[in-house]
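FYI, in the working numbering the residues of the sequence shown are 428 to 994.
The structure appears right after this line, and notes come after that.
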Amino acid sequence: MNLNASIIDQRVHKLATDQRQSLNDALGALSDEKAVSAAFVLLVMQMLLDLDLDEGLDALTEGGNDFGVDGLHIGSEQDGEFLVTLFQGKYKRRLEGQANFPEDGVQKALTAARYLFDPASAITLNKRLAVRVEDIRSRVRDGLLPRVRVILCNNGQRWNELAQAHVQRADLGDQVTLEHVNHDTLVGIMQSTKPVNETLRLSGKALVEDFDFSRVLVGKIGLTELAALVQRHGEKLLERNIRRYLGLSGNRVNEGIRATLLDPAERSHFYFYNNGITLTCSKFSYNALQGTDYQVRVEGLQIINGGQTSNTIARVLADLDLASQDHLDQAFVLLRLYELQDERTDFVSKVTYATNSQNPVDLRDLRANDEVQRRLDLSVAELGYTYRRKRTDGPTRPEDITSSVAAEAVLAVWRKLPHQAKFLAREHFGKLYDRIFSTKLSGAQLVIAVLVYRVAENRRKRPAPDAPDFIAYASCFLAMRSAQYLLRDMGLENSEHITHQNFSQAKSMLLQKGDRYTDFAQKDIQQALSQLYGKGSVSLQRLSATFRRGDLIEILDQAPLRQRLSK
C-alpha cells in the first residue's frame with residue numbers, strides 16, 4: 428500500500444460519506460463506487476483551484492454523455508481571455524499507486540478539448556455539462572479566447588508512452604495543456620504550509636539594508652538555481668500559487684517567459700525582461716565580509732510574488748536537454764528578499780497585497796485582514812452567523828458565510844450588478860472591492876443579501892423538471908429581483924434601511940416568502956426575455972450571453988413589481 432494513496436483514500440471516502448446527499452443532488456442517485464469516484468474529482472478540484480465545497484459540487488459534470496469530462500470550471504475573463512479547467516478522474520480501490528492513467532481516458536480528454544469549445548460542432552451532452560459548454564461557446568462567439576487546462580487525475584501514475592503519442596499527434600497547440608495530478612500531488616498541497624529553510628545562492632553584488640524595523644536584500648539569482656529551489660520545495664515554497672498555476676500556455680506572460688528561455692540568444696536578457704520575484708522570510712543571514720556571490724541562509728521562506736514566473740522557469744528548464752542549455756549560466760532574475768518578523772502579520776499582509784495587486788484572484792486572502800473585513804466579521808457575529816474572511820479547509824455550516832459568496836451576493840442584490848457578480852468574480856476583491864464592501868455596508872445587509880442569494884442559487888442548482896432553460900444562468904438576476912420584493916413588503920426604500928433592528932423581520936419574511944419572491948422574479952425575467960427575443964425558444968448560447976452582458980437589467984428596472992402571485 429502506498430502511504431500517500433492511503434492518506435488521500437481516507438479523505439476521499441470521508442468526503443463521499445459526508446457529502447453523499449449533496450453528490451446525489453448534483454449528479455443523481457450514485458452507486459457507492461460512483462460516489463467515491465465523484466468525491467475524488469471533487470477533492471482534486473477543491474485543492475487545485477481553491478474552491479469551497481459548494482463551488483466544487485457545482486463544477487461536477489460526471490454522468491452519461493459527459494464526453495469524458497467529470498468536472499469543468501470556468502474562470503473569469505481577463506484581457507480578452509478566460510481559463511477553462513477540465514477534470515477527468517480515474518479512481519481505483521487498490522492503493523498500490525502504480526497503475527497508469529488509462530490510454531482511452533487520455534484520448535477522451537483530447538477529443539473533449541478539440542470539440543467542446545467549437546461553437547460549430549454538434550454534440551450531445553448531459554444537461555449539466557451542456558449548460559457550461561454553451562456558456563463557453565457563447566464567450567467564444569463574442570470573441571473571447573479560451574485557454575484550456577486539462578487535469579487528468581488518478582491515484583496512480585501518469586499516462587504511458589502510447590498515450591503520450593496520442594497527445595503529440597493531437598497537436599492542440601499552445602491553447603491546451605494536459606497535466607497529471609495524483610495522490611502525491613495532493614499530499615504535497617496538504618503539506619504546503621510547512622516552513623521552508625534554505626540557502627539562496629546569489630550571483631554578483633547585492634544590496635542589504637535595515638529599513639523600518641525590517642531587513643531588505645536585493646540581488647539576482649540564476650534561473651537554474653531558482654528552478655532547483657522550486658523543484659526541491661514545490662508547493663511548500665509557492666504556497667497557494669502552485670494551486671492556481673496557469674500553465675505554460677494558459678497565460679501570455681508565461682508564454683513570453685517560455686519563449687525567452689527557449690531562445691539561447693535571448694536568455695541573457697531575461698533579467699531585463701522580467702519584473703523579478705519577491706520573497707519573505709522570518710530571518711536571513713549571510714557572510715557580510717564577502718563582496719559578491721552571497722550564500723544567504725533563510726528561514727520560513729515564501730515566494731509572495733513571482734510564483735507564476737518561478738513555476739514556468741522550473742517547468743521549462745526541466746524539459747531542456749543538455750544540448751539546449753547554452754547561455755543558461757548567464758540567465759538571471761531580480762530577487763527581492765524581505766525579512767519580516769512573524770508578529771508583524773498585518774504588515775506582511777499589506778506587503779503581500781501590494782506586490783500582488785495585479786493578480787486579483789489572490790486578493791480575497793490578502794484583503795481578509797483589512798479594517799472593513801474585520802468590522803463585518805464582528806457585525807455578522809452579532810447576528811448569529813460566522814463570517815469566513817479567509818479560506819479554510821473545514822466544513823461549512825448554514826451559519827457560515829464566506830467572503831466570496833458575500834461579495835457575489837452583495838454585488839448582485841444591493842448593488843444591482845448581477846452580471847458582474849457572476850462573471851467578474853476575479854475583480855470582486857480587486858477593482859470592484861470598494862463598491863461591494865462600502866463603508867456603509869452593515870452585517871445585517873450582508874447576511875440578508877446572502878440569504879436572498881441562497882434561495883436563488885437553490886433554484887438554479889435544483890431546478891424543477893419544467894424549469895425554463897434560463898434558470899441555469901440567472902441566479903444573480905433572480906436574487907436581485909427577489910430582494911426588491913422583500914424591500915417592498917418591508918416598506919423600505921433601499922438596502923441601507925436594513926439594520927440590526929429589523930434584521931429578524933427581514934429574515935423571517937425570507938423564510939416565509941423567499942420561494943414566492945423567487946417565483947415572482949422568475950416570471951419577471953421570463954417576461955423580460957420575451958420582450959427581448961419574442962415568444963420563440965432561445966438557445967443556451969444566447970441565454971448565457973444575455974445574462975453575461977446584463978441586457979435585462981434596464982428592462983427589469985422599468986418593470987413594475989407584481990402585486991400578488993397569480994394562481
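Ideal placement from N, C-alpha and C gives every residue a C-beta, glycine not left out.
Span separating the alpha-carbon of VAL463 from that of GLU693 | Counting only the Cα atoms, GLU693 lies some 49 Å from VAL463.
Measure the C-alpha to C-alpha separation of SER676 and TYR542 and round it to an integer number of angstroms.
-> In this prediction, SER676 has a pLDDT of 47, which is less than 50 and means its spatial position is unreliable; nothing more can be read from the coordinates.
CA-to-CA distance, ILE875 to LEU706, given in whole angstroms = So the two alpha carbons sit approximately 40 Å from each other.
Does at least one heavy atom of the ligand ADP sit under 6 Å from the Cβ of ILE863?
-> Only the bare structure without any ligand can be found here, which leaves the ligand ADP out of the picture.
Would you kindly work out how many angstroms separate the C-alpha atoms of GLN932 and GLN911, rounded to a whole number?
-> Distance between the alpha carbons of GLN932 and GLN911: 15 Å.
With GLN800 and SER830 assumed to form a contact (beta carbons below 8 Å), what rounded beta-carbon distance in angstroms separates them?
-> Right, the Cβ-Cβ distance comes to about 7 Å (below 8 Å), so this counts as a contact.
LYS517 to LEU919, Cα distance in whole Å?
-> Whole-angstrom Cα-Cα distance: 53 Å.
Could you work out which residue in THR651, MET474 and PHE509 is closest to VAL603 when comparing CA atoms only?
-> Scanning THR651, MET474 and PHE509 for the CA closest to the CA of VAL603 turns up PHE509.
Quick one: Cα of PHE1025 to Cα of ASN527, how far?
-> Lying before the first or after the last residue shown, residue 1025 is absent from the chain, which here runs from 428 to 994.
Using 8 Å as the threshold, is the stretch 589-598 in touch with the stretch 440-451, meaning 3 or more CB pairs across them?
-> Output reads no: the stretch 440-451 does not touch the stretch 589-598.
From ASP951 to ILE730, what distance separates their C-alpha atoms?
-> Each residue's alpha carbon lies about 50 Å from the other.
If you count every other CB in all the chains shown that lies within 10 Å of the CB of GLU523, and 16 or more means buried, which is it?
-> Classification of GLU523: exposed, given that the 10 Å Cβ count is below 16.
MET474 classed as buried or exposed, judged by whether at least 16 other C-beta atoms fall within 10 angstroms = MET474 counts as buried, since at least 16 other C-beta atoms from the protein chains shown sit within 10 angstroms of its C-beta.
For THR945, which residues from the same chain have a beta carbon less than 8 Å from its beta carbon, with the 5 sequence-adjacent residues on both sides left out?
-> Contacts found: VAL882, ALA883, ARG886, LEU905 and SER909.
TYR860 to ALA486 span [Cα, whole Å] | If I take the Cα positions, the gap works out to 25 Å.
Please classify GLN729: does DSSP put it in a helix, a strand, or coil?
-> Strand, per DSSP.
Can you tell me where the beta strand (DSSP E) with ALA633 in it begins and where it stops?
-> First-last of the beta strand (DSSP E) with ALA633: 625-638.
When DSSP labels each residue in this structure, what does SER712 get in the three-state scheme?
-> DSSP places SER712 in strand when its eight states are reduced to three.
Any idea which residues DSSP pairs GLN584 with across the strands?
-> Partner(s): ASN527.
Leaving out the 5 sequence neighbours to the left and right, which residues in its chain are closer than 6 Å to ASP611 when beta-carbon positions are compared?
-> Residues ASN431 of the same chain have their beta carbon placed closer than 6 Å to that of ASP611, with the five preceding and five following residues left out of the count.
Leaving out the 5 sequence neighbours to the left and right, which residues in its chain are closer than 6 Å to PHE897 when beta-carbon positions are compared?
-> Result list for PHE897: LEU970, in chain order.
Do the stretch 833-846 and the stretch 758-769 meet, that is, are 3 or more Cβ pairs less than 8 Å apart?
-> Between the stretch 833-846 and the stretch 758-769 there are fewer than three inter-stretch CB-CB distances shorter than 8 Å, so the stretches are not counted as touching.
What are the complete alpha helix (DSSP H) segments, minimum 4 residues, inside the stretch 926-978?
-> Counting only runs of at least 4 residues, the stretch 926-978 fully encloses the following alpha helix (DSSP H) elements, listed from N- to C-terminal order: 930-960 and 967-976.
Limits of the unbroken beta strand (DSSP E) element including GLY995 | Residue 995 is absent from the model: the chain starts at 428 and stops at 994.
Neighbour-count burial assignment, GLU981, 16 or more Cβ in a 10 Å radius | Counting Cβ neighbours within 10 Å, GLU981 comes out exposed, since fewer than 16 surround it.
Just to confirm, are LEU599 and VAL577 a CB contact at a threshold of 7 Å?
-> Not a contact, by the Cβ cut-off of 7 Å.
Can you tell me where the alpha helix (DSSP H) with TYR912 in it begins and where it stops?
-> Where TYR912 is concerned, the enclosing alpha helix (DSSP H) stretches over 902-917.
Can you give the Cα-Cα distance for LEU764 and LEU851, rounded to whole angstroms?
-> Their backbone Cα atoms lie some 33 Å apart in a straight line.
Along the beta strand (DSSP E) that carries ARG566, what are the first and last residues, could you check?
-> Counting along the chain, ARG566 falls outside any beta strand (DSSP E), though it belongs to the alpha helix (DSSP H) covering 554-568.
Between the stretch 686-705 and the stretch 738-745, do at least 3 Cβ pairs fall closer than 8 Å?
-> Verdict: yes, contact present.
Quick one: what does DSSP say GLU482 is sitting in, helix, strand or coil?
-> Note: GLU482 maps to helix in three-state DSSP.
Whole angstroms is fine: what's the gap from SER964's alpha carbon to SER957's?
-> C-alpha separation (whole angstroms): 9 Å.
Report yes or no: do the stretch 709-728 and the stretch 621-631 share at least 3 C-beta pairs separated by less than 8 Å?
-> By the criterion of at least three beta-carbon pairs nearer than 8 Å, the stretch 709-728 is in contact with the stretch 621-631.
Boundaries (first-last residue) of the beta strand (DSSP E) holding LEU644 = Where LEU644 is concerned, the enclosing beta strand (DSSP E) stretches over 641-649.
For ASN714, which option in LEU868, ASN492, LEU810 and LYS632 has the closest C-alpha, if you only look at C-alpha atoms?
-> For ASN714, the nearest C-alpha among the options comes from LYS632.
Mind checking who TYR700 pairs with in its DSSP beta bridge?
-> In the DSSP output, where bridge partners are listed per residue, TYR700 has none listed.
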